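A.B. asks:
Number of protein chains: 2
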Amino acid sequence: MRPLFHPSIDDVTVEAILHALSDPVRVAIFARIAGSDCSQSCSNFLTVSEKAVPKSTLSQHFKALREAGLIRGERRGVEMHNSPRCAEIERRFPGLISAIVNAHKVQSAGKPPPLPTAAAGRRKAPRRRG
Amino acid sequence: MRPLFHPSIDDVTVEAILHALSDPVRVAIFARIAGSDCSQSCSNFLTVSEKAVPKSTLSQHFKALREAGLIRGERRGVEMHNSPRCAEIERRFPGLISAIVNAHKVQSAGKPPPLPTAAAGRRKAPRRRG
DNA sequence: TCTATTGTTCCTAAATTCCGAACTAACGAA
DNA sequence: TTCGTTAGTTCGGAATTTAGGAACAATAGA
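Okay, structure coming up:
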């Protein structure tokens, strides 16, 4: 298993951050990691916003967040501990992360919480494979 | 020619904004439109950050910015006038746009201005087509 | 050992992006 | 009117990126 790659803060780009956070699942993951005071393991996110996320996809999402410089991952035993790099990013790009997380909150607050029984109908149809 | 589509401000999403601005050419375009006091035509951006942008690509970039709700385009005669929708977005997502534009400035300031003679070597190699 | 748990890698299909070529639309001149 | 120019769009196909199932690797406990 390959060691985890984390960019130095000076190599972190706005483009990479915005791209990483332009995915609804990834912002949701990041918002929760950034908002928590203890590190989160990947498996805490096997469902995100009522939607199941396959673990291979989840792994890719975490890789994207790590390589954008948004989180730091550390393997501890069988699981991974993920923590935000907010402080570093704040020094490099003041106000960026909080504005994005805030906007995400505004948007989440704007749409009513999905009713459990109606949720299935709103879910994106699964893609069928060969 | 199809009429231009502009989302209502309430339909504008953080994800769409971040995705639109996660492209280096598009942030550069948007930063210039947002920073100018007069509207800008598309053809002003046939070269962006010393790099030529094919006009079909440019057209797609403007479409992406419009449909993300970041700019408003208006056809006047043969050309298009593009203006930012910063005020509306600021009301919906306070601080978001300015943080991103600021971050983009920080990043641009960080890298030294490319020397004209050396610029060609740093350009991304063009993809070869069939 | 064997088994369970957590996460990664591989592989292929689907989606997205890029950009040259062909096109449309507005304008001015003859 | 028709021709030519300019500004931008659309089309089509190749390249790139993404999604997720299956197989795998690594750790821990029994």
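One line per chain: the protein sequences are A and B, in this order. If you're matching positions, the first sequence starts at 18 in our numbering and goes up one per residue. If you're matching positions, the second sequence starts at 18 in our numbering and goes up one per residue. The beta carbon of each residue, even a glycine, is placed where N, CA and C say it ideally should be. Everything numeric in this text was worked out from a predicted model, so none of it was measured.
Looking at C-alpha atoms only, which residue of A/E84, A/G90, A/V65 and A/E91 is the closest neighbour of A/A37?
C.D. replies: Against the first sequence, residue 37 of chain A aligns to sequence position 20. Closest option to A/A37, Cα to Cα, is A/E84.
A.B. asks: Which same chain residues end up closer than 8 angstroms to A/R145 when comparing Cβ atoms and leaving out the 5 residues on each side of it in sequence?
C.D. replies: Position 128 of the first sequence holds residue 145 of chain A. Only weak support is given to the placement of A/R145: the predicted model assigns it a pLDDT of 39, under 50, and the value that follows is read from those uncertain coordinates. Result list for A/R145: empty, nothing under 8 angstroms.
A.B. asks: Output the distance between the C-alpha atoms of A/P111 and A/V95, rounded to the nearest integer angstrom.
C.D. replies: In the first sequence, counting from the first residue as 1, residue 111 of chain A sits at position 94. In the first sequence, counting from the first residue as 1, residue 95 of chain A sits at position 78. A/P111 and A/V95: Cα-Cα distance of roughly 35 angstroms.
A.B. asks: From B/V123 to A/Q57, what does the alpha carbon distance come to, in whole angstroms?
C.D. replies: Mapped onto the second sequence, residue 123 of chain B falls at position 106. Mapped onto the first sequence, residue 57 of chain A falls at position 40. Going from the Cα of B/V123 to the Cα of A/Q57 covers about 31 angstroms.
A.B. asks: With 7 angstroms set as the bound, which would you pick, yes or no: does the beta-carbon of A/G52 sit closer than that to a beta-carbon of chain B?
C.D. replies: Residue mapping note: residue 52 of chain A aligns to position 35 of the first sequence, counting from 1. False, the Cβ-Cβ gap to chain B never drops below 7 angstroms.
A.B. asks: Count the other C-beta atoms from every protein chain shown that fall within 10 angstroms of the C-beta of A/T30, then say buried if there are 16 or more, exposed otherwise.
C.D. replies: Working through the first sequence from its first residue, we reach residue 30 of chain A at position 13. Buried is the call here.
A.B. asks: With a cut-off of 8 angstroms, do at least 3 Cβ pairs link the region 63-74 of chain A to the region 68-81 of chain B?
C.D. replies: Verdict: no, contact absent.
A.B. asks: Count the other CB atoms within 10 Å of the CB of B/S39; is the residue buried (16 or more) or exposed (fewer)?
C.D. replies: Position 22 of the second sequence, counted from the first residue, corresponds to residue 39 of chain B. Result: buried.
A.B. asks: Does any C-beta atom of chain A lie closer than 7 angstroms to the C-beta of B/L35?
C.D. replies: As a first step, residue 35 of chain B is located in the second sequence; it is residue number 18 there, counting from the start. Closer than 7 angstroms: yes.
A.B. asks: If I measure Cβ to Cβ from B/M97 and keep anything under 8 angstroms in the same chain, skipping five residues before and after, which residues do I get?
C.D. replies: Within the second sequence, residue 97 of chain B is the residue found at index 80, counting from 1. Here the set comprises S58, C59, F79, G90 and E91.
A.B. asks: Can you check DSSP and say which residues form a bridge with B/V118?
C.D. replies: Counting from one through the second sequence, the residue named residue 118 of chain B turns up at place 101. Bridge partners of B/V118: none, in fact.
A.B. asks: Can A/I114 and A/I106 be called in contact, C-beta distance under 7 angstroms?
C.D. replies: As a position in the first sequence, residue 114 of chain A is number 97, starting the count at 1. As a position in the first sequence, residue 106 of chain A is number 89, starting the count at 1. Their beta carbons are under 7 angstroms apart, which means A/I114 touches A/I106 by this criterion.
A.B. asks: Ignore the nearest five residues each way along the sequence and tell me which others in A/K128's own chain have a CB closer than 8 angstroms to its CB.
C.D. replies: Position 111 of the first sequence, counting from 1, holds the residue named residue 128 of chain A. Here the set comprises nothing.
A.B. asks: What three-state label does DSSP hand B/A45 in the structure shown?
C.D. replies: Start at 1 with the first residue of the second sequence, and residue 45 of chain B comes out as number 28. Residue state, collapsed to three classes: helix.
A.B. asks: Counting only C-beta atoms, is A/A137 closer than 7 angstroms to chain B at any point?
C.D. replies: Mapped onto the first sequence, residue 137 of chain A falls at position 120. Here the model assigns A/A137 a pLDDT of 36, short of 50, so the residue's position is not dependable, and the following value carries that caveat. So no, A/A137 is outside the interface.
A.B. asks: Does any residue of chain A have a CB that is nearer than 7 angstroms to the CB of B/L113?
C.D. replies: Along the second sequence, one-based indexing puts residue 113 of chain B at 96. Yes, B/L113 counts as interfacial toward chain A.
A.B. asks: With a 10 Å radius around its C-beta and 16 neighbouring C-beta atoms as the bar for buried, classify A/R19 as buried or exposed.
C.D. replies: Taking the first residue of the first sequence as 1, we reach residue 19 of chain A at position 2. Exposed, since its Cβ has fewer than 16 Cβ neighbours within 10 Å.
A.B. asks: For A/A120, does the count of other Cβ atoms within 10 angstroms reach 16, so buried, or fall short, so exposed?
C.D. replies: As a working mapping, residue 120 of chain A is identified with position 103 in the first sequence. By the 10 Å Cβ count, A/A120 comes out buried.
A.B. asks: Starting from A/E84, trace the alpha helix (DSSP H) both ways and give me its first and last residue.
C.D. replies: In the first sequence, counting from the first residue as 1, residue 84 of chain A sits at position 67. Residues K72 to E84.
A.B. asks: Let me know if A/L63 comes out buried or exposed under the rule of 16 or more other beta-carbons within 10 Å of its beta-carbon.
C.D. replies: For this step, residue 63 of chain A is matched to residue 46 along the first sequence. That one is exposed.
A.B. asks: When the cut-off is 7 angstroms and only beta carbons count, does B/S125 lie next to chain A?
C.D. replies: Against the second sequence, residue 125 of chain B aligns to sequence position 108. Not an interface residue.
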